[in-house]
Amino acid sequence: MRRRTYCRRVRCQKVAGCAVVVALTVVPAPAIAAGIPDSAHDSGPTSTAMETPTEVAPNTHLVVTKAAENRDQGPNKSQDPAQVVGPVVSAEERVLTPDQVDALSRNRKVAHVEPVLPIATQGSPADIDTRSMRAQLGPRPAASWGLDRVDQAVGLDGSYGPSSDGAGVHIYVIDGNVASDHPEFAGRVGAGASFVSAPTGGSCDRHGTHVAGTLTSATYGMASGATLHPVRILDCAGTGTSTGLLQGLNWVAEHHANLGRPPAIVNLSLGASATSDLINEAVNALSNRGIVVAVAAGNQGARACDFSPASAPAALTVAASTRLDVEANYSNWGRCLDIFAPGDGIASTNPDPQATVPSYMSGTSQAAPHAAGAVAVLWGNDPSQAANDVVVGVTDLARKDAISLVRAGVGSPNLLAAVPTTLPAVAPPPSTTEQVLAKPGKISNLRVKKRRKRSVILGFKKVAFADRYRIGIRLKGTDSWRSRGQTRKSRVRVKRLRSDSVYWIRIKAKNQVGVSRAVRVKVRTR
Numbered sequence: 231m232r233r234r235t236y237c238r239r240v241r242c243q244k245v246a247g248c249a250v251v252v253a254l255t256v257v258p259a260p261a262i263a264a265g266i267p268d269s270a271h272d273s274g275p276t277s278t279a280m281e282t283p284t285e286v287a288p289n290t291h292l293v294v295t296k297a298a299e300n301r302d303q304g305p306n307k308s309q310d311p312a313q314v315v316g317p318v319v320s321a322e323e324r325v326l327t328p329d330q331v332d333a334l335s336r337n338r339k340v341a342h343v344e345p346v347l348p349i350a351t352q353g354s355p356a357d358i359d360t361r362s363m364r365a366q367l368g369p370r371p372a373a374s375w376g377l378d379r380v381d382q383a384v385g386l387d388g389s390y391g392p393s394s395d396g397a398g399v400h401i402y403v404i405d406g407n408v409a410s411d412h413p414e415f416a417g418r419v420g421a422g423a424s425f426v427s428a429p430t431g432g433s434c435d436r437h438g439t440h441v442a443g444t445l446t447s448a449t450y451g452m453a454s455g456a457t458l459h460p461v462r463i464l465d466c467a468g469t470g471t472s473t474g475l476l477q478g479l480n481w482v483a484e485h486h487a488n489l490g491r492p493p494a495i496v497n498l499s500l501g502a503s504a505t506s507d508l509i510n511e512a513v514n515a516l517s518n519r520g521i522v523v524a525v526a527a528g529n530q531g532a533r534a535c536d537f538s539p540a541s542a543p544a545a546l547t548v549a550a551s552t553r554l555d556v557e558a559n560y561s562n563w564g565r566c567l568d569i570f571a572p573g574d575g576i577a578s579t580n581p582d583p584q585a586t587v588p589s590y591m592s593g594t595s596q597a598a599p600h601a602a603g604a605v606a607v608l609w610g611n612d613p614s615q616a617a618n619d620v621v622v623g624v625t626d627l628a629r630k631d632a633i634s635l636v637r638a639g640v641g642s643p644n645l646l647a648a649v650p651t652t653l654p655a656v657a658p659p660p661s662t663t664e665q666v667l668a669k670p671g672k673i674s675n676l677r678v679k680k681r682r683k684r685s686v687i688l689g690f691k692k693v694a695f696a697d698r699y700r701i702g703i704r705l706k707g708t709d710s711w712r713s714r715g716q717t718r719k720s721r722v723r724v725k726r727l728r729s730d731s732v733y734w735i736r737i738k739a740k741n742q743v744g745v746s747r748a749v750r751v752k753v754r755t756r
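Going by the working numbering, the residue at position 317 of the sequence shown is 547; the numbering climbs one at a time, nothing skipped.
Laid out in structure tokens, this is it:
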């Protein structure tokens, strides 16, 4: 955790680290995880999830004890719904008066206190003439305009042709209910979990099914070969709590580890009403485990940095664009964004399998799965890639200056998500003589090893024939890269950074012949 923690209306203690504390007021009956086996490592429904209320009870808080942060965060074996212990968070939820919050904030045994926050979807039904939309899409009415847009530099041509279908990639949709038995997902639904007691069917399935459809459905999916894992934390109204979200993130971490850590993406088309250190640190923890987390920027027309999980440094935070490549006026903005993607009037899977028309929705909820799908397509080309390398690849592929920004000068990146349409060429191995004369390839496995107040320590895997490694930094929200010298080591400390700021740090391999392509990583200083 960050050494400094901030809570709205709550005094917090400075801590060296935090685990999360979750749920006292929960429904004791278990919600059985839904799904089918997806590999030899996944033998079917994998959890009996304790149900969590989807509305925030008055005066409920997440309390982090130092005893919880110091114990082993293994799989959750507790049958007490007030206790959640897992690889991402360990948590307990309490109802507290203001005086009790103040007392706990001064208690040496307590690491952190923050209010339980309401969580909501970031999409809404779109008012669209489906007949004219289908006509505009031309010969492939099954492709939404969002899919149509991401596979070409300019405009729409009525088709979608990615270089892979994302086979081998696992996508966790943490959302409302998904109609996982829909024919659109047949044969590609893995184990999932539910943390709420709420009906299914009809409008209860609309948002979750729409998001999942944009990701993996046969007709509307960005990555129609990927495996879908539905994780329900929202009720039929599309609302939930930060407690439920943390439980869902915990389940994903456990399940991913049980599968042997395959390429994996989490899609969060939802957001809290404010920032949450606990949510952001849980997202960062998943990223450190090699899981890409794509997040909706939010629909408040406000700074994305003011909400979680959009403000999580490790998240791929996605804003929404229209079919005319204009920034959606409802989309959140600012330096916490990473990329734009189609989000306005998106056609996707109708939860009713008998329906003859798709479901249409608008919002950053719809933009996030387009970006997550682009990650899955690129990862499907080469499943051996590290998660950070794939995210950097997606931002490198993005269309530069393609968006007409409604709010210029606020730090939003002018990048529109795109997918590769051809597999990368594989060059024949060079001879020994050619190897000596060739410039080095790019480094791999660039990662953050330690974060300090005004510095970070990075590690990476060296490449053959590199004499040294060139370091550059860019403060998020600015356009210029600054040099921070060179090194011969695979472990480097980058100093003289601003505290509590987000930076991109890039490293290039170099020798007397030339310089490799850059590899980048995003990091927030303490």
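Positions of the beta carbon are idealized from the N, C-alpha and C atoms, including for glycine.
- prompt: Around the C-beta of V384, are 16 or more other C-beta atoms found within 10 angstroms, so that it is buried, or is it exposed?
  reply: With fewer than 16 other beta carbons inside 10 angstroms of its own, V384 counts as exposed.
Reference D574; option with closest CA among I737, D619, S589:
Cα-wise, what sits closest to D574 is S589.
Distance check for T586 and E511, CA to CA, integer angstroms please.
Spanning the two alpha carbons is a distance of roughly 43 Å.
- Taking Cβ to Cβ, would you say A448 is nearer than 8 Å to A571? No. Outside cutoff.
*If we ignore side chains and look at the alpha-carbon of each, how far apart do K320 and G455 end up?*
Position check: residue 320 holds Ser in this sequence, whereas Lys was assumed. Each residue's Cα considered, the two are about 34 Å apart.
Sort K339, V325, V605 by Cα distance to V523 and report the nearest one. Here the closest residue by C-alpha is V605.
Check: Pairing CB atoms from the region 455-464 with CB atoms from the region 416-436, are three or more of them under 8 Å?
Finding: Judged by Cβ distances under 8 Å, the region 455-464 makes contact with the region 416-436, as three or more pairs qualify.
Look at the alpha carbon of A428 and the alpha carbon of K683, and state the distance between them as a whole number of angstroms.
Roughly 44 Å between the two C-alpha positions.
**Item:** Identified DSSP bridge partners for G432
**Value:** Partner(s): none; G432 has no beta bridge.
Worksheet item: On the premise that L498 lies in contact with A350, defined as a C-beta separation below 8 Å, what is that separation, rounded to the nearest angstrom?
Response: So it is not a contact: roughly 12 Å between Cβ atoms.
- prompt: So is P288 buried or exposed if we call it buried at 16+ other beta carbons inside 10 Å?
  reply: By the beta-carbon neighbour count (other beta carbons within 10 angstroms, threshold 16), P288 is exposed.
Practice prompt. Can you have a look at K752 and say buried or exposed, based on whether 16 or more other CB atoms are within 10 angstroms of its CB?
Written response: Around the C-beta of K752, 16 or more other C-beta atoms lie within 10 Å, and the residue is accordingly described as buried.
Run through the DSSP bridge pairs and tell me what E414 is partnered with.
Paired residues: none, contrary to the question.
Exercise. Exposed or buried, what is L554 when buried is set at 16 or more other beta-carbons lying within 10 Å of its beta-carbon?
Worked result: Here L554 is exposed. Its C-beta has fewer than 16 other C-beta atoms within 10 Å.
For a test of the three-state rule: what should DSSP assign to D332, helix, strand or coil? If DSSP states are grouped into helix, strand and coil, D332 belongs with the helices.
### Task
Starting from G802, follow the beta strand (DSSP E) in both directions and report where the run begins and ends.
Outside the displayed span of the chain (231 to 756) sits residue 802, for which this structure offers no information.
Cutting at 7 Å between CB atoms, please list the residues of its own chain near R718, excluding the five before and the five after it.
Sequence-distant Cβ neighbours of R718 in its own chain, meaning closer than 7 Å and more than five residues away, are R698.
Less than 8 Å between the beta carbons of G564 and S506, yes or no? Here G564 is not near S506, since their CB atoms are 8 Å or more apart.
So, A696 versus N741, is the Cβ gap smaller than 8 Å?
-> In contact: A696 and N741 (Cβ atoms closer than 8 Å).
Check: Which residues in the same chain as I703 place their Cβ atom closer than 6 Å to its Cβ, once the five residues preceding and following it in sequence are excluded?
Finding: Hits under 6 Å: R712, R714, Y733, I735.
Open item on the list: Pairs of beta-carbons, one from the region 374-392 and one from the region 331-341, closer than 8 Å: are there three or more?
Closed with: No: the two stretches stay apart, fewer than three of their Cβ pairs being nearer than 8 Å.
Three-pair Cβ contact test at 8 Å for the region 468-480 versus the region 614-625:
Judged by Cβ distances under 8 Å, the region 468-480 makes no contact with the region 614-625, as fewer than three pairs qualify.
**Prompt:** What are the boundary residues of the alpha helix (DSSP H) that I509 is part of?
**Reply:** Counting along the chain, the unbroken alpha helix (DSSP H) around I509 starts and ends at 507-518.
When you compare the region 593-609 with the region 393-401, are there three or more beta-carbon pairs, one atom per stretch, that lie closer than 8 Å? Touching, per the Cβ criterion.
Residue from D612, Y450, T446, T327 whose Cα sits closest to the Cα of G417: Measuring from the Cα of G417, the nearest candidate turns out to be T446.
- Spatial neighbours of L567 in its chain, beta-carbon cut-off 7 Å, leaving aside the 5 residues before and after: A527, A534, T547, A549, S642, P643, listed in sequence order.
Skipping 5 residues on each side, what residues in its chain have a beta carbon closer than 7 Å to that of N675? Around N675: A616, F690, K691.
Leaving out the 5 sequence neighbours to the left and right, which residues in its chain are closer than 6 Å to R700 when beta-carbon positions are compared?
-> Result list for R700: Q716, K738, K740, in chain order.
The beta strand (DSSP E) spanning Q615 covers which residue range? Premise fails: Q615 is in no beta strand (DSSP E) and is neither H nor E.
CA nearest to the CA of P328, picked from G610, K630, H291:
The option with the nearest alpha carbon to P328 is H291.
Relative to the C-alpha of V340, which residue among S374, V294, M452, V441 is closest? For V340, the nearest C-alpha among the options comes from V294.
Residue from G531, A487, I509, L508 whose Cα sits closest to the Cα of I521: Ranking G531, A487, I509, L508 by Cα distance to I521 puts A487 first.
Inset, instruction - For L653, count neighbouring Cβ atoms within 10 angstroms of its own Cβ and tell me buried if that reaches 16, exposed if not. - result: The residue in question, L653, is exposed, as its Cβ has fewer than 16 Cβ neighbours within 10 Å.
key: Distance, W375 Cα to V724 Cα   = Cα to Cα, V724 sits roughly 43 Å from W375.
ask   = Thinking C-alpha only, which one of K296, R726, G468, S389 is nearest T651?
value = Comparing Cα-Cα distances from T651 to each of K296, R726, G468, S389, the minimum goes to S389.
Worksheet item: M452 bridges to which residues according to DSSP?
Response: Looking at the DSSP assignment, M452 forms no beta bridge with any residue, so it has no partner.
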